[in-house]
Amino acid sequence: MLRIAILRGGVAKKLTIKNPLFNGVMNNRVCSARHYNSKNTTRVDLADIRKNYVIVEHSFDAIVVGAGGAGLRAAIGLAAKGFKTAIICKQYPTRAHTVAAQGGINAALGNMEEDHWEWHFYDTVKGSDWLGDQDAIHFMCREAPKAVYELENFGLPFSRTPEGTIYQRAFGGATLNCGKGGPAHRCCSAKDATGHAMLHCLYGQSLAYKNLQFFSEHFAFELLFQDCKCVGVLAWNLESGNLCRFRAANTVIATGGCGRMYFSTTDGHCCTGDGTAMVARKGLPLQDMEFVQFHPTGMYGTGCLITEGVRAEGGFFTNAKGERFMERYAPKLKDLATRDVVARAMSMEVITGNGCGPKKDHIHLHLHHLPKEIIKARLPGIQNTALIFANIDVTKEPIPVLPTVHYNMGGIPTNYKGQVLTMIDEGKDKIVPGLYACGECACASVHGANRLGANSLLDIIVFGKACAECIASCNTPGRPIPPLDENTGMRGLVYLHNLRNSAGKTNPAELRLKLQSTMTKHAAVLRDGKLLKEGIELVKGILQEFNNVKVTDKSMVWNSDLMEIIELHNLIINALLTVSSMEHRKESRGAHAREDFKTRIDEYDYSKDIKEQTKKPLDEHWRKHILIWGEMDGKTSFKYRPIIDHVLDNSTNSIPPSPRTY
Ligand SMILES: Cc1cc2nc3c(=O)[nH]c(=O)nc-3n(C[C@H](O)[C@H](O)[C@H](O)COP(=O)(O)OP(=O)(O)OC[C@H]3O[C@@H](n4cnc5c(N)ncnc54)[C@H](O)[C@@H]3O)c2cc1C
Numbered sequence: 001m002l003r004i005a006i007l008r009g010g011v012a013k014k015l016t017i018k019n020p021l022f023n024g025v026m027n028n029r030v031c032s033a034r035h036y037n038s039k040n041t042t043r044v045d046l047a048d049i050r051k052n053y054v055i056v057e058h059s060f061d062a063i064v065v066g067a068g069g070a071g072l073r074a075a076i077g078l079a080a081k082g083f084k085t086a087i088i089c090k091q092y093p094t095r096a097h098t099v100a101a102q103g104g105i106n107a108a109l110g111n112m113e114e115d116h117w118e119w120h121f122y123d124t125v126k127g128s129d130w131l132g133d134q135d136a137i138h139f140m141c142r143e144a145p146k147a148v149y150e151l152e153n154f155g156l157p158f159s160r161t162p163e164g165t166i167y168q169r170a171f172g173g174a175t176l177n178c179g180k181g182g183p184a185h186r187c188c189s190a191k192d193a194t195g196h197a198m199l200h201c202l203y204g205q206s207l208a209y210k211n212l213q214f215f216s217e218h219f220a221f222e223l224l225f226q227d228c229k230c231v232g233v234l235a236w237n238l239e240s241g242n243l244c245r246f247r248a249a250n251t252v253i254a255t256g257g258c259g260r261m262y263f264s265t266t267d268g269h270c271c272t273g274d275g276t277a278m279v280a281r282k283g284l285p286l287q288d289m290e291f292v293q294f295h296p297t298g299m300y301g302t303g304c305l306i307t308e309g310v311r312a313e314g315g316f317f318t319n320a321k322g323e324r325f326m327e328r329y330a331p332k333l334k335d336l337a338t339r340d341v342v343a344r345a346m347s348m349e350v351i352t353g354n355g356c357g358p359k360k361d362h363i364h365l366h367l368h369h370l371p372k373e374i375i376k377a378r379l380p381g382i383q384n385t386a387l388i389f390a391n392i393d394v395t396k397e398p399i400p401v402l403p404t405v406h407y408n409m410g411g412i413p414t415n416y417k418g419q420v421l422t423m424i425d426e427g428k429d430k431i432v433p434g435l436y437a438c439g440e441c442a443c444a445s446v447h448g449a450n451r452l453g454a455n456s457l458l459d460i461i462v463f464g465k466a467c468a469e470c471i472a473s474c475n476t477p478g479r480p481i482p483p484l485d486e487n488t489g490m491r492g493l494v495y496l497h498n499l500r501n502s503a504g505k506t507n508p509a510e511l512r513l514k515l516q517s518t519m520t521k522h523a524a525v526l527r528d529g530k531l532l533k534e535g536i537e538l539v540k541g542i543l544q545e546f547n548n549v550k551v552t553d554k555s556m557v558w559n560s561d562l563m564e565i566i567e568l569h570n571l572i573i574n575a576l577l578t579v580s581s582m583e584h585r586k587e588s589r590g591a592h593a594r595e596d597f598k599t600r601i602d603e604y605d606y607s608k609d610i611k612e613q614t615k616k617p618l619d620e621h622w623r624k625h626i627l628i629w630g631e632m633d634g635k636t637s638f639k640y641r642p643i644i645d646h647v648l649d650n651s652t653n654s655i656p657p658s659p660r661t662y
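UniProt numbering applies: residue 1 is where the sequence shown begins, and numbers increase by one.
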């Protein structure tokens, strides 16, 4: 166990280090170094460690970490405004998880019937179970049509209506006239491969800018802080084995989600929550981590996603008795209710013995009644996936499906401009200077307790651009920035060095499986206090076991063993903060369904007239964001952020809470 205890200005040749795996420099006082009760304090010789590494210095106006949809849109915005921008990604840009998005992107274009962004706003607020911040939701829904037309102008090949306008399909929770009409056709798609089309089109656009430089296959693992300001990031060039200190006045984190902490997930192998963990390791909080979205239709066995677009085109569920059970759970929207409602209904069917198959453990999704031409034209990818992964011909038989981990509503707290927030005084937001976040790793919070299908591709475009605009509004391209202290980022170096030389015995693949099984069992669709408490202890144990991890490959060039071990550590940190937040929130709201606290607990009982009631104070209800801080021994602490109920201006009205039915 090592710990860096003192590291202030000047050149510290010797560092005292307790734990190399948690190198917080900011705590909720923002500035002072975190102090842990240390029994095992060791001194490390920094100069000696440094000798083993080539450290290359880079300087930019702005850095974007992540080249998915969010990172690319942020980088394009910065480059277009003249900022010399670095975009760092651990893969090739076209391999980010955005490439896997199928169904589409929401915008009230009104191509299929009358539609308005205010109706989209209403659906998103209701979809969030009134946990979303209404200023951010206002911003996103209002900007949505512009964002989609911009993508169309960038060359995204959207599917078309016979009239030649962008084709739109009905997605879960999207309604006309604020729930008073039927389903709204609001989701713009490029067949069932919208993310693929989007990512490639954004990448193509980004290549137009000479001042935008790609650092592909560079793994970021440490944020750099100086004088309480984020000043860049430390990354590992996987190809050369060198380390790179990227220095910039502004850093945007766009590293995607952390679905891989579960065994069955639709997320790609790259979704290991590196950005959220990097922020948490700096002693900054994460927000609303308990809200993990289970997509109703992961393919039974493999977890591959079957898009909601299947139900949008007329697909439906049945249980073992052949019943269309969704009619009982959501009489109005049925199979097109929101994901949290559908996933819960499917879990209830399985629990009550109505599951399909010999083990009665899944649900059937039918699309064989649809015309073959529709399947071919609008769902060709699904047809292929079902054939390859389950040997199923969707024109003849149902697809076996199960709710599968899909999306993180929580993440790095930001305002609607993308600026990262922390909290020092209870209830008061504090902006972390120089640090921005957007996309799935961030929590703006537009999705609140439950994200609507097709609102994430929108979120990444709108808030990627917002980060660029906010940076451009208070910075000038080419403005000189102070040099980095020699020691800035060296905690990260020690972290990497110690891991690399770890002589432990724990097999990382087995530990990952243990983590994934623990999360699958203890942090599932339906949750209860006892299981969650056990889950916390198990994840804490896994965190301790990680200290004894075995690293086989000691090299620096293309050491995927070591990279995956850092990713595993990131997953463990995310899992700890997720399961702890799930235990902490003692109510059911959106995707967070507690068997022991079955109702939503607001400041008023909105099922009754509120005029007769007294408003509950913040600590007596749960319509609030949970901020969680973690420490290396697994200890966590919490603070609360009030929900933002006001909108940006008088172009629409905020939506007061009410009971949520579909
Ligand atoms: C199968 C699937 C289908 C989906 N379908 C839809 C849909 O139809 N509509 C919708 O709205 N949403 C959909 N979603 C959700 C949506 O696609 C994602 O939330 C969104 O694309 C995330 O984009 P992002 O830019 O935030 O992250 P990502 O696309 O995941 O990109 C993250 C980037 O960060 C980089 N990175 C990560 N860690 C590091 C590190 N340590 N160092 C350097 N770089 C790093 C990665 O290399 C990558 O470039 C779907 C998700 C899945 C999994």
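Backbone N, C-alpha and C define an ideal beta-carbon position, used for all residues, glycine too. Please read these numbers as outputs of a predicted model, since none were measured by experiment.
| Query | Result |
| --- | --- |
| Any non-hydrogen atom of ligand 1 within 7 Å of Pro93 CB | yes |
| Pick from Cys438, Val350, Gly204 that is closest to Tyr254, judged by C-alpha positions | Residue identity check: residue 254 is Ala in the sequence provided, not Tyr. The option with the nearest alpha carbon to Ala254 is Cys438. |
| Ala170 beta carbon near ligand 1 (any heavy atom closer than 7 Å) | no |
| Coarse secondary structure for Ala220, derived from DSSP in three states | strand |
| Interface flag, Asp288 vs chain C, CB-CB below 8 Å | This model lacks chain C altogether, as it is built from one protein chain only. |
| Euclidean distance between Cα positions of Leu499 and Lys229 | 27 Å |
| Cβ neighbours of Arg589 in the same chain (closer than 7 Å, five flanking residues each side left out) | Asp129, Leu131, Ala449, Arg600, Trp622 |
| Cut-off 8 Å between Cβ atoms - residues of its own chain near Gln516, not counting five sequence neighbours on either side | Arg260, Met261, Tyr262, Phe263 |
| Any non-hydrogen atom of ligand 1 closer than 7 Å to Ala136 Cβ | no |
| Boundaries (first-last residue) of the beta strand (DSSP E) holding Gln419 | 419-423 |
| 8 Å contact criterion, which Asn408 and Gly257 should meet: CB distance rounded | 4 Å |
| Counted within 10 angstroms of its Cβ, other Cβ atoms place Lys218 as buried (16 or more) or exposed | What sits at residue 218 in the sequence shown is His, not Lys. Buried: at least 16 other Cβ atoms inside 10 Å. |
| Distance, Glu313 Cα to residue 663 Cα | The chain is shown only over 1 to 662; residue 663 falls outside these bounds and no answer can be derived. |
| Span separating the alpha-carbon of Cys244 from that of Leu207 | 22 Å |
| Residue burial classification, Asp425 (beta-carbon count within 10 angstroms, cutoff 16) | exposed |
| Proximity to Pro380 [Cα-Cα], best of Asp192, His368, Pro183, Ile63 | Asp192 |
| Those residues which DSSP pairs with Ser637 across a bridge | Trp629 |
| Boundaries of the alpha helix (DSSP H) in which Ala523 is found, first to last residue | Run containing Ala523: none; DSSP gives neither H nor E here. |
| Nearest-angstrom Cβ-Cβ length linking Ser189 and Tyr209, presumed shorter than 8 Å | Actually they do not touch by this definition, with Cβ atoms about 28 Å apart. |
| Check whether Ile392 and Ile399 have beta carbons under 8 Å apart | yes |
| 7 Å CB neighbourhood of Ala184 in its chain, flanking five on each side removed | Asp115, Trp119, Ala170, Ala174, Thr175, Leu176 |
| DSSP three-state assignment for Asp393, whether helix, strand or coil | coil |
| Cβ-based burial, Met556 [other Cβ within 10 Å; buried from 16] | buried |
| Residue closest to Phe291, alpha-carbon to alpha-carbon, out of Arg378, Asn153, Leu367, Val525 | Val525 |
| CA-to-CA distance, Thr307 to Ser159, given in whole angstroms | 16 Å |
| For Thr404 and Arg247, the rounded distance between their alpha carbons | 39 Å |
| Rounded straight-line distance, which links the Cα of Ala503 to that of Ile375 | 54 Å |
| Unbroken stretches of the alpha helix (DSSP H), 4 residues or longer, contained in the stretch 64-143 | 69-80, 117-127 |
| Which of helix, strand or coil DSSP assigns to His447 | coil |
| Contact between the stretch 522-536 and the stretch 71-82 (3+ Cβ pairs under 8 Å) | no |
| Check: Lys90 C-beta below 7 Å from any heavy atom of ligand 1 | yes |
| Span separating the alpha-carbon of Gly630 from that of Ile536 | 12 Å |
| 3 or more residues per run - each beta strand (DSSP E) lying fully within the stretch 326-413 | 363-366, 399-408 |
| Within the stretch 492-573, ranges of the alpha helix (DSSP H) (whole runs, at least 4 residues) | 508-522, 529-546 |
| Closer than 7 Å: Ala337 CB and nearest ligand 1 heavy atom | no |
| CB of Leu310 within 8 Å of CB of Gly195, strictly | It is worth fixing the name first, because residue 310 is Val in this sequence and not Leu. No. |
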